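K.L.:
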Amino acid sequence: MRIMGLVARNITALLGGSAMAIMSAVHVAGAQQAQQRTETNEPVQGEATKKGRVTLLQRLVIGAGVDKIAIDTPQAVTVIDQEQIDQDQPQTIGDTLRDVPGVTAIGSDRVFGEAFNIRGIGAAAAADESKIIINVDGTPKFYEQYRMGSFFSDPELYKQVEVLRGPASSTLYGSGALGGVINLTTKDAADFLADGQNNAVRVKSAYDSNGTGLLGSTIYATRINENFEFLGMGNYRQSNDFKDGNGDDIPGSEFESWSSLAKGTYRFGDGNEQTIRLSYQRWQGDTDDQEYSQTDSGFGTVDRKVTDQTVVFAYENPASDNPWLDLKVNLSYSDTSNEQSDASGLAGVPSQLFDDSDYSYKTFQARVENTFEYKSEAFENFLTLGTQISHQDRQAESIAGLSPGAILFHPEGTETKYGLYAQNEFVWREKLTLIPGIRFDYRETSPADGISGAQDESDDAVSPKLAALYKFNDTFSVFGSLAHTERFPTIDELYSSSIPGRTYPGGRIASIGLEKETSNNYEVGFAVSGYDLVRAGDTLQLKTTGFYNQLRNLITTNPDNRNRLPVSYYVNINEAKIYGVEVEGSYDAEVFFARAAYSYIKGEDEETGEPLTSIPAQNIALTLGGRMVDYGVEYGWRGRFAASADTGFTGEPTPGYGVHDIFASWKPTDEKYAGLEARFAVENVFDKFYRNNLAGTDAKGRTFKLTLAKQFGW
Numbered sequence: 147m148r149i150m151g152l153v154a155r156n157i158t159a160l161l162g163g164s165a166m167a168i169m170s171a172v173h174v175a176g177a178q179q180a181q182q183r184t185e186t187n188e189p190v191q192g193e194a195t196k197k198g199r200v201t202l203l204q205r206l207v208i209g210a211g212v213d214k215i216a217i218d219t220p221q222a223v224t225v226i227d228q229e230q231i232d233q234d235q236p237q238t239i240g241d242t243l244r245d246v247p248g249v250t251a252i253g254s255d256r257v258f259g260e261a262f263n264i265r266g267i268g269a270a271a272a273a274d275e276s277k278i279i280i281n282v283d284g285t286p287k288f289y290e291q292y293r294m295g296s297f298f299s300d301p302e303l304y305k306q307v308e309v310l311r312g313p314a315s316s317t318l319y320g321s322g323a324l325g326g327v328i329n330l331t332t333k334d335a336a337d338f339l340a341d342g343q344n345n346a347v348r349v350k351s352a353y354d355s356n357g358t359g360l361l362g363s364t365i366y367a368t369r370i371n372e373n374f375e376f377l378g379m380g381n382y383r384q385s386n387d388f389k390d391g392n393g394d395d396i397p398g399s400e401f402e403s404w405s406s407l408a409k410g411t412y413r414f415g416d417g418n419e420q421t422i423r424l425s426y427q428r429w430q431g432d433t434d435d436q437e438y439s440q441t442d443s444g445f446g447t448v449d450r451k452v453t454d455q456t457v458v459f460a461y462e463n464p465a466s467d468n469p470w471l472d473l474k475v476n477l478s479y480s481d482t483s484n485e486q487s488d489a490s491g492l493a494g495v496p497s498q499l500f501d502d503s504d505y506s507y508k509t510f511q512a513r514v515e516n517t518f519e520y521k522s523e524a525f526e527n528f529l530t531l532g533t534q535i536s537h538q539d540r541q542a543e544s545i546a547g548l549s550p551g552a553i554l555f556h557p558e559g560t561e562t563k564y565g566l567y568a569q570n571e572f573v574w575r576e577k578l579t580l581i582p583g584i585r586f587d588y589r590e591t592s593p594a595d596g597i598s599g600a601q602d603e604s605d606d607a608v609s610p611k612l613a614a615l616y617k618f619n620d621t622f623s624v625f626g627s628l629a630h631t632e633r634f635p636t637i638d639e640l641y642s643s644s645i646p647g648r649t650y651p652g653g654r655i656a657s658i659g660l661e662k663e664t665s666n667n668y669e670v671g672f673a674v675s676g677y678d679l680v681r682a683g684d685t686l687q688l689k690t691t692g693f694y695n696q697l698r699n700l701i702t703t704n705p706d707n708r709n710r711l712p713v714s715y716y717v718n719i720n721e722a723k724i725y726g727v728e729v730e731g732s733y734d735a736e737v738f739f740a741r742a743a744y745s746y747i748k749g750e751d752e753e754t755g756e757p758l759t760s761i762p763a764q765n766i767a768l769t770l771g772g773r774m775v776d777y778g779v780e781y782g783w784r785g786r787f788a789a790s791a792d793t794g795f796t797g798e799p800t801p802g803y804g805v806h807d808i809f810a811s812w813k814p815t816d817e818k819y820a821g822l823e824a825r826f827a828v829e830n831v832f833d834k835f836y837r838n839n840l841a842g843t844d845a846k847g848r849t850f851k852l853t854l855a856k857q858f859g860w
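258 is the number that this note's numbering gives to position 112 of the sequence shown; each next residue is one higher, with no gaps.
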């Protein structure tokens, strides 16, 4: 262990030193050679003129630094845009991620039970939420509660989802992103206001046969004047219990939810390029007699009302006439709470322990970053410097139970983080791209009163990286990266405790002195593009990424349950390696399209030699479709195939499966039907009974989906 610690520190120092050296050298060179930027019509970096049709790998990535298309990003990244979200007709955010390689929505299909796994990191039954960073309009979203999901929202609120796989994302978003980052962007008024129109109303309804699910949505967008726009949105969604492929109810899947978004955008300055956005988003799910364990069954039932709120103030000043200024400011507040009552039948556990209890996470964040740009005839350089401060308050209270007040297994506490980061992007002759980066975080935590053995904690973490991409020509490029990150123990891991009982005779106390989890990640890959292959204007693109992730000091519950003296709740004992390959491809022509996503991941506990239970089964998703352009019709087939898995959520083997969907959409081209949209799909056409190996419940059976929408503008 000591040797591995020395190796990890040496790798960290090497990466950090290399990152700082490259950034310093490029910064000096840029200062000496940069020419004054003039106003031209040449495309900016990442927006170079593209041939042919736009595929999913040509969608613009906004969360990896300087805006660039996915295939030119030296990182595994997938962008789900508005058209794809609409095509999926999703009930949950997880439904939009089904075709992303290396990403799995885990736990269950229940709206209170959804969590995420990226590259084998993320386990529904454990507190893995902090290993994947989720942002909504730049606002960190975090929730951890025993056997519940980690993210609560409605896909109808969003126009884009980005998935950045791997710990290299820690530089920009925070240390500890062992799995990666999921960025969600809400809709804007400008998305619905056509040229020459100042008002728009869009109404939408959807039906889901499995559970008799219903959606009603209304959007109003208005342009008050040339400077100010506003969007107001309200959604209602409900469903009865889903049925699996055998026709049996999936207990606890019934739900009712409301969501809304109010968002104002004010533009000012030269060319109206400076922007202020202020938004408020709310989601509330309310249901009775829910399965207490939203990621499994058999724990009894409980009434729950979960409320998620997000407030964001954002300011952007790209200052197109000043290469030294591209400023972004984000101030936000997030509040996720769960009120539960009327617990019953909790597998022999006294229901009073869970009855009438409230849980919440409240987080304030401030983030400021600026990008400095240098240009010469030979290269372009973009240096981003930023700082991020956040304060999180974790609350849990039993209002009427055997232990009134604080809940020991869900301890209250506060966490404050301070982060500084730098990322440089150097592009030489549009062929070689180098992206070094480094981040330093300092964290302080404090427990609530009455937690046995708990005390204030503080620590720091470093996250260096180096990524490179070389483009041989317009059709072939190679890329690779090295990244290190460190994850702080969460409030739950530091301060959880329990009273003496049968499992732990002496009880469990706060886990003082937990070490940070660490990750050393290595990636290499290539990308291929082809144009005008079968017919004029068609496009084929393929991106393949191989990765190897070394994980050290993994935190787990203390296996020592024999000692009659108190033992710490969590300990550092595990070392693991996770490795695999991801392939993402897309072909697009005027009347035909095809997409493929393949993922093969292996993971091993290096202490025991046993396979990790958080590894998804080998899987592939295929989509084939066509278009009747003159009529605005698109149709297709989608298949998802998974191999058998020896491990998973239950620790037992899971059979492989294949599931088939068909879909069609109609957006009339006739002007008299302008604004009309109809979508139809049948998912799990053959009513297959199956279970994802990382899920705690069986999957939904055959489902007919129908969506109708109409937009009016004036």
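Cβ coordinates follow ideal geometry from the N, Cα and C atoms, glycine included. These figures come from a predicted structure and were not determined experimentally.
Is it buried or exposed for VAL680, if we count other Cβ within 10 angstroms and need 16 for buried?
P.N.:
For the purposes of this step, residue 680 is taken as the residue at position 534 of the sequence shown. The residue in question, VAL680, is exposed, as its Cβ has fewer than 16 Cβ neighbours within 10 Å.
K.L.:
Using a threshold of 8 Å, state whether the C-beta atoms of GLY209 and LEU310 are closer than that.
P.N.:
Within the sequence shown, numbered from 1, the residue matching residue 209 stands at position 63. Within the sequence shown, numbered from 1, the residue matching residue 310 stands at position 164. Taking 8 Å as the Cβ cut-off, GLY209 and LEU310 qualify as a contacting pair.
K.L.:
Over the uninterrupted alpha helix (DSSP H) stretch that includes GLU229, give me the two end residues.
P.N.:
Within the sequence shown, numbered from 1, the residue matching residue 229 stands at position 83. Note, GLU229: alpha helix (DSSP H), 228 to 234.
K.L.:
Once the 5 residues before and after ASP274 are set aside, which same chain residues still bring their CB inside 6 Å of it?
P.N.:
As a working mapping, residue 274 is identified with position 128 in the sequence shown. Result list for ASP274: GLY268, in chain order.
K.L.:
In terms of residues, what are the limits of the alpha helix (DSSP H) holding SER316?
P.N.:
Working through the sequence shown from its first residue, we reach residue 316 at position 170. Its alpha helix (DSSP H) spans residues 316 to 319.
K.L.:
If I follow the unbroken beta strand (DSSP E) through GLU375, where does it start and stop?
P.N.:
One-based indexing of the sequence shown puts residue 375 at position 229. Counting along the chain, GLU375 sits inside the beta strand (DSSP E) bounded by residues 374 to 385.
K.L.:
Within 8 Å, do at least three Cβ pairs link the region 553 to 569 to the region 521 to 533?
P.N.:
yes
K.L.:
Quick check: what's the CA-CA separation for ASN386 versus GLU400?
P.N.:
Within the sequence shown, numbered from 1, the residue matching residue 386 stands at position 240. Within the sequence shown, numbered from 1, the residue matching residue 400 stands at position 254. When rounded, the distance between both Cα atoms is 4 Å.
K.L.:
Measuring alpha carbon to alpha carbon, tell me which of LEU628, VAL573, ILE545, VAL223 ends up nearest ILE584.
P.N.:
For this step, residue 584 is matched to residue 438 along the sequence shown. Nearest C-alpha to ILE584: LEU628.
K.L.:
With DSSP as the reference, please indicate the residues paired to THR533 in a beta bridge.
P.N.:
For the purposes of this step, residue 533 is taken as residue 387 along the sequence shown, with counting starting at 1. THR533 pairs with VAL514, LEU566.
K.L.:
Please say whether LYS277 and ARG633 have beta carbons closer to each other than 8 Å?
P.N.:
Translated into positions along the sequence shown, residue 633 becomes position 487. Translated into positions along the sequence shown, residue 277 becomes position 131. Against a cut-off of 8 Å, the Cβ pair of LYS277 and ARG633 comes out as a contact.
K.L.:
Restricting to Cα atoms, I'd like to know which of GLU590, ILE581, SER598, LYS287 is closest to LEU615.
P.N.:
Working through the sequence shown from its first residue, we reach residue 615 at position 469. Per the Cα distances, ILE581.
K.L.:
To the nearest angstrom, report how far apart MET379 and SER363 are at their CA atoms.
P.N.:
The residue labelled residue 379 in the question sits at position 233 within the sequence shown. The residue labelled residue 363 in the question sits at position 217 within the sequence shown. Computed Cα separation, rounded: 7 Å.
K.L.:
In three-state DSSP terms, what is ALA600?
P.N.:
For the purposes of this step, residue 600 is taken as the residue at position 454 of the sequence shown. Three-state result, ALA600: coil.
K.L.:
In the DSSP assignment, what are the bridge partners of TRP812?
P.N.:
For the purposes of this step, residue 812 is taken as residue 666 along the sequence shown, with counting starting at 1. Residue pairing from DSSP places TRP812 in a beta bridge opposite VAL779, ALA824.
K.L.:
Cβ of LEU203 within 8 Å of Cβ of ILE217?
P.N.:
Start at 1 with the first residue of the sequence shown, and residue 203 comes out as number 57. Start at 1 with the first residue of the sequence shown, and residue 217 comes out as number 71. Result yes, Cβ atoms of LEU203 and ILE217 sit closer than 8 Å.
K.L.:
Helix, strand or coil, according to DSSP, for ALA180 in the structure here?
P.N.:
In the sequence shown, the residue the question calls residue 180 occupies position 34. Unreliable positioning characterises ALA180 in this predicted model, as indicated by a pLDDT of 38, which lies under 50. A coordinate reading is not provided.
K.L.:
So, at 6 Å on beta carbons, what are the nonlocal neighbours of LEU686 in its own chain, with the 5 sequence-adjacent residues on each side left out?
P.N.:
For this step, residue 686 is matched to residue 540 along the sequence shown. GLY676, LEU679, TYR733.
K.L.:
For a test of the three-state rule: what should DSSP assign to TYR819, helix, strand or coil?
P.N.:
Taking the sequence shown and counting its residues from 1, one reaches residue 819 at position 673. The answer is helix: DSSP assigns TYR819 an H, G or I state.
K.L.:
Can you tell which of SER299, PHE738, THR242, SER609 has its C-alpha closest to the C-alpha of SER405?
P.N.:
Counting from one through the sequence shown, the residue named residue 405 turns up at place 259. For SER405, the nearest C-alpha among the options comes from SER299.
K.L.:
For the alpha helix (DSSP H) containing LEU640, name the first residue and the last one.
P.N.:
On the sequence shown, position 494 is the one that residue 640 refers to. Per DSSP, LEU640 belongs to the alpha helix (DSSP H) from 637 to 641.
K.L.:
Can you tell which of ASP394, GLU375, ASP449 has the C-alpha that lies nearest to the C-alpha of ASN484?
P.N.:
As a working mapping, residue 484 is identified with position 338 in the sequence shown. Comparing Cα-Cα distances from ASN484 to each of ASP394, GLU375, ASP449, the minimum goes to ASP449.
K.L.:
When DSSP labels each residue in this structure, what does ARG848 get in the three-state scheme?
P.N.:
Along the sequence shown, read from residue 1 onward, the residue named residue 848 stands at position 702. Coil, per DSSP.
K.L.:
Does DSSP put SER790 in a helix, in a strand, or in coil?
P.N.:
As a working mapping, residue 790 is identified with position 644 in the sequence shown. In the structure shown, SER790 sits in coil (DSSP, three-state: anything other than H, G, I, E or B).
K.L.:
So, does the region 738 to 746 touch the region 709 to 722, judging by three or more C-beta pairs under 8 Å?
P.N.:
Fewer than three beta-carbon pairs drawn from the region 738 to 746 and the region 709 to 722 are found closer than 8 Å, and the two stretches are therefore not classed as touching.
K.L.:
According to DSSP, is THR195 part of a helix, a strand, or is it coil?
P.N.:
The residue labelled residue 195 in the question sits at position 49 within the sequence shown. For THR195, the predicted model reports a pLDDT of 37, less than 50, meaning its position is unreliable; a value from the coordinates is still stated below. In the structure shown, THR195 sits in coil (DSSP, three-state: anything other than H, G, I, E or B).
K.L.:
Enumerated in chain order, which unbroken segments of the beta strand (DSSP E) with a length of 3 residues or greater are wholly contained in the region 294 to 369?
P.N.:
304 to 311, 326 to 332, 345 to 354, 359 to 369
K.L.:
Note the first and the last residue of the continuous beta strand (DSSP E) segment covering ASP751.
P.N.:
Translated into the one-based positions of the sequence shown, residue 751 becomes position 605. Here the beta strand (DSSP E) through ASP751 covers 738 to 751.
K.L.:
Mind checking TYR507: buried by the 16 CB within 10 Å criterion, or exposed?
P.N.:
Against the sequence shown, residue 507 aligns to sequence position 361. Buried: at least 16 other Cβ atoms inside 10 Å.
K.L.:
Look up GLU829 in the DSSP assignment and say whether it is helix, strand or coil.
P.N.:
Walking along the sequence shown from the start, residue 829 turns up at place 683. Looking at GLU829 - three-state DSSP - the assignment turns out to be strand.
K.L.:
Per DSSP, what are the beta-bridge partners of TYR803 in this structure?
P.N.:
Translated into the one-based positions of the sequence shown, residue 803 becomes position 657. Note: TYR803 sits in a beta bridge opposite ALA788.
K.L.:
In three-state terms, what does DSSP make of ALA216?
P.N.:
For the purposes of this step, residue 216 is taken as residue 70 along the sequence shown, with counting starting at 1. Helix, per DSSP.
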